[in-house]
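First to last, the sequence lines map onto chains A and B.
Sequential numbering from 1 applies to the first sequence in the numbering used here.
Sequential numbering from 1001 applies to the second sequence in the numbering used here.
Yeah, the Cβ is synthetic: ideal placement off N, Cα and C, and Gly gets one too.
Predicted, not measured: the structure shown is a model, and the values here were computed from it.
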Amino acid sequence: MAYLTDYQYYENGGLNFENENWGSYQYVSLNDIVNNFMVMYVGNDKLINNVERYNVLFHAKRAIQELNYDSLKEIKILELNVCDSLRYILPQDYVNWVRVSMYRGGTLFPLTENIQTNWSSAYLQDNNCRILFDEKGNTLKPEDSTLDADRIKGSKKSIYLNEGSVYDGQEGYCYNDSWYFEYSIGAKFGLNTETANANPTFKINKKSGVINFSSSMADELVVLEYVSDGMEGGDDSEISVNKLFEEFVYSYMKFVILQSKYGIQEYIINRARKEKSALLRNAKLRLSNIHPGRLLMNLRGQNKWIK
Amino acid sequence: MSIINTVRATVLSIANKNNFGYITPNDFNLYAKQAQLDIFEDYFYQYNSWIVKQNARVSGSGYADIVKGLVEVLDYFSLTKSLIISNGYDFTLPEDYYLINKINYYPNLRSSGSVTGGTGKVLISTGSLFITDGVKPTDLLSNITNSGEVLNVVAVTNETTLTLSGNINVGDVFKIVSNSGITEVERVSQNKIFYLNSTPLTSPSTSFPAYVLEDSDITVYPIGQIASGTVFSQYIRYPKDPNWTYEDIILGGEPSFDQTSADYQDFELPISDQTNLINKILQYAGLSIRDKDVVAFGKMEEQEANQQEG
């Protein structure tokens, strides 16, 4: 991409979407990456020769995908309302979650993942527990499993946390923002710290593409921070990568192309592998932004008393 | 400088030394065409051979850069034309192409219309709004009517008038594209295009288009998203057929060379190929007049030349 004038950068040259180019200098486009690679790394006198552009394009996209999963820290954030179904449909470009929070009263409450499942699919069964089928031989399924129905109705037990209450740490039912407990009979067991949290909990159903929440999340706002693969919905012209990773992307492409070519000596492949790994480490360090000023701020808390 | 007359005179001189036979102008033109094509094609093999040598560090730089000289000869035959959609979504390739080197897509279509006035290099199109459409000098004009001939916009005089780098005729239909944002359309084989289209990471897009060749047409992917006149091909054309033209033969005399004839065509290969041309033509002529010596002489000369060139 050509360099922009100040007017193009700040006001998009007077066109609509004036913020179009803000911060764009941090990124190098997929188009530039592929063109640069074809010019500088492919040729009669280069290590890589006779390689089709679709090969290069594929590996460039794969490099960007891999970087997006962890190294790049390109977090996307989406806010949606959770209705009575207690379900949050995952964004179209969702790959993995970073943090799920509830936004209530101007504050973000980070939610914890419920390690016990709170959803399930189910088959319909007769009185003898035999599974029921339709005329095509497929199993019949209810709209909600009992587990789901209990969660949605609020009749599923969860742990109540309130230090000022005698019911603190006990299992109870949260229904319409009110808690109900059974008579405590027999011995009490220790609190499961993994699930102990006053805030609602969630569990992700990856296959169904939804996040299922505990019953107290009805009509709450959820803010999902997640990572995508950087493919921008298939629009190649929008795909870009941070410039700090540009050299890594080239070395990754070089390595995978050499690795998959016939007749390349192993020492050349190893050289490319080492170069790729070193450049990834280098880019991660750069992107981590370890400044003296930031370290100083962290170190200021070293003598703080932890209660 | 014309070399065809020199070549013919030399061929006649060698072949006719012992009154073995005479080569008519028509025969000579046929042999000349054959010889030129032969040498022209050999350039591509030589180019490849010298690339291999260059990679093996057997070739030098500067005056010893043989590859550079070969590329110069091949580039003489390079042409750029815009491609027109012929049927459905297929673009027709130029008739005179020997080798398609690159197909480029110019995504920014600025303007289109037809010529309503002007002469020579001045284009007037009363229905157009060149300034409003953002037409700028250095933009490319594709003359759809004239087989996709490509001209440069030299100046934008007003909303309806342009000055071009070449002539255009009244009635010609044209399209103007911006010279920026160009992307190469990649050639893929017929057996790959299905797989490429089937996966999101490799499916051709307007940023990374692809084409497959069939007959003398190409199909550009993504299908239906690439407009006619926005695809340009840079290709190597066949050399024009040489034609040694002459004035009426005086009875009993020699035909007289006429360079001013309308259908006159010199060899398009460089003068350095004159010897090769003579040797090749001698071989064909020797076969024709059934003289083994002439064929052998031509072959021997050619072999010597090849040995010298490495």
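7 Å Cβ cutoff, residue i in contact with chain A
i, result
"residue 1160/B", "no"
"residue 1205/B", "yes"
"residue 1055/B", "yes"
"residue 1267/B", "no"
"residue 1186/B", "yes"
"residue 1201/B", "yes"
"residue 1196/B", "yes"
"residue 1257/B", "no"
"residue 1236/B", "no"
"residue 1051/B", "yes"
"residue 1232/B", "no"
"residue 1208/B", "yes"
C-beta atoms of residue i and residue j nearer than 7 Å
i, j, result
"residue 142/A", "residue 124/A", "yes"
"residue 357/A", "residue 64/A", "This structure cannot speak to residue 357/A, because chain A is shown only from 1 to 307."
"residue 118/A", "residue 212/A", "yes"
"residue 1109/B", "residue 1220/B", "no"
"residue 1104/B", "residue 1257/B", "no"
"residue 226/A", "residue 94/A", "yes"
"residue 168/A", "residue 68/A", "no"
"residue 1070/B", "residue 1034/B", "no"
"residue 1123/B", "residue 1162/B", "yes"
"residue 1284/B", "residue 1031/B", "yes"
"residue 131/A", "residue 210/A", "no"
"residue 1279/B", "residue 1304/B", "no"
"residue 1175/B", "residue 1229/B", "yes"
Distance, residue j Cα to residue i Cα
i, j, result
"residue 1154/B", "residue 1143/B", "15 Å"
"residue 1048/B", "residue 73/A", "47 Å"
"residue 121/A", "residue 217/A", "21 Å"
"residue 1100/B", "residue 39/A", "19 Å"
"residue 246/A", "residue 76/A", "21 Å"
"residue 113/A", "residue 22/A", "36 Å"
"residue 1146/B", "residue 1140/B", "15 Å"
"residue 1198/B", "residue 1192/B", "10 Å"
"residue 1095/B", "residue 1273/B", "26 Å"
"residue 1208/B", "residue 282/A", "30 Å"
"residue 220/A", "residue 105/A", "10 Å"
"residue 1264/B", "residue 1026/B", "13 Å"
"residue 298/A", "residue 71/A", "22 Å"
"residue 1117/B", "residue 1226/B", "29 Å"
"residue 1151/B", "residue 1134/B", "17 Å"
"residue 1064/B", "residue 1276/B", "21 Å"
"residue 1097/B", "residue 1012/B", "33 Å"
"residue 58/A", "residue 1090/B", "26 Å"
"residue 1132/B", "residue 1181/B", "20 Å"
"residue 288/A", "residue 243/A", "14 Å"
"residue 1361/B", "residue 1068/B", "It is not possible to answer for residue 1361/B, since the shown part of chain B is limited to 1001 through 1310."
"residue 202/A", "residue 1223/B", "45 Å"
"residue 149/A", "residue 85/A", "10 Å"
Paired residues, beta bridge with residue i - DSSP
i, result
"residue 1213/B", "1218/B"
"residue 226/A", "76/A, 97/A"
"residue 1081/B", "1149/B, 1233/B"
"residue 102/A", "109/A, 222/A"
"residue 139/A", "133/A"
"residue 1123/B", "1162/B"
"residue 1090/B", "1087/B, 1219/B"
"residue 213/A", "202/A"
"residue 1099/B", "1236/B"
"residue 1155/B", "1163/B"
"residue 1286/B", "Answer by DSSP bridge pairing: none, since residue 1286/B is not bridged."
Any chain B beta carbon closer than 7 Å to residue i
i, result
"residue 16/A", "no"
"residue 286/A", "no"
"residue 45/A", "yes"
"residue 308/A", "Beyond the ends of chain A as shown, which are 1 and 307, falls residue 308/A; an answer cannot be given."
"residue 234/A", "yes"
"residue 31/A", "yes"
"residue 58/A", "yes"
"residue 237/A", "yes"
"residue 3/A", "no"
"residue 54/A", "yes"
"residue 254/A", "no"
"residue 261/A", "no"
"residue 61/A", "yes"
Beta carbon proximity, residue i to chain C, threshold 7 Å
i, result
"residue 265/A", "In the displayed structure, chain C is absent; the protein chains listed are A and B."
Uninterrupted alpha helix (DSSP H) stretches inside the stretch 1-28 of chain A (no shorter than 4 residues): List check, alpha helix (DSSP H) in window: 6-11.
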